[in-house]
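To keep things clear, I will list the structure first and then write my remarks on it.
Structure (structure tokens):
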């Protein structure tokens with residue numbers, strides 16, 4: 001276990017830790033043994049790793065980053081597809097700016113009406129609740 005070399009807690013509690021590949025692999029192994037990133041707790045990971053000088057704060061921070069990396073999909077060029085505006089809006093070329101503005105204005109009015117209706121229902125139910 002050469003991971004002990006990268007840890008020096010003598011400089012204080014807020015010592016920055018450089019996560020080596022070996023240390024990260026130990027972390028991943030501990031997380032896996034404890035049921036994955038959603039079930040593993042920092043305290044459990046700390047005990048499972050058993051690395052002197054490693055603190056719960058190091059584990060908490062690394063676990064947070066690890067969880068985020070697991071749920072954020074990687075963006076690759078194969079996932080991205082460039083589309084022409086005419087593919088998304090087939091009639092875009094024949095639609096004038098005035099027509100688009102009118103359509104947006106009508107949609108805005110509809111949304112305002114729905115919100116107003118919802119607010120009225122909420123207000124009535126609140127009055128009846130009192």
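In UniProt numbering, the protein residues as written are 1 to 130.
Note that the Cβ used here is the ideal one computed from N, Cα and C, for glycine as well.
The structure displayed is predicted, hence computed values, not measured ones.
> Hey, quick one: how far does the alpha helix (DSSP H) through residue 31 stretch, first residue to last?
Replying inline: Note, residue 31: alpha helix (DSSP H), 21-33.
>> For residue 61 and residue 67, I'd like the C-alpha separation in whole angstroms.
In response: Looking at the two C-alpha atoms, the distance is approximately 10 Å.
>> Counting C-beta neighbours from all protein chains within 10 Å, is the total for residue 28 16 or more, i.e. buried, or is it exposed?
In response: Exposed is the call here.
> How many angstroms separate the CA atom of residue 65 from the CA atom of residue 44?
Replying inline: Roughly 17 Å between the two C-alpha positions.
>> What residue range does the alpha helix (DSSP H) around residue 69 cover?
In response: For residue 69, the enclosing alpha helix (DSSP H) begins and ends at 56-71.
> What span of residues does the alpha helix (DSSP H) with residue 52 cover, start to end?
Replying inline: Residue 52: not part of any alpha helix (DSSP H); DSSP gives it neither H nor E.
>> Out of 49, 56, 39, which one is the CA nearest neighbour of residue 24?
In response: Comparing alpha-carbon positions, the option among 49, 56, 39 lying closest to residue 24 turns out to be 49.
> Measuring CA to CA, which of 110, 102, 55 is closest to residue 15?
Replying inline: Residue nearest to residue 15 within the set 110, 102, 55 is 55 (criterion: CA-CA distance).
> CB residue 40 to CB residue 46, shorter than 8 Å?
Replying inline: With a cutoff of 8 Å on beta-carbon distance, residue 40 and residue 46 are scored as not near each other.
>> With H, G and I counted as helix, E and B as strand and the rest as coil, what does DSSP make of residue 116?
In response: Residue 116 falls in the helix class under three-state DSSP.
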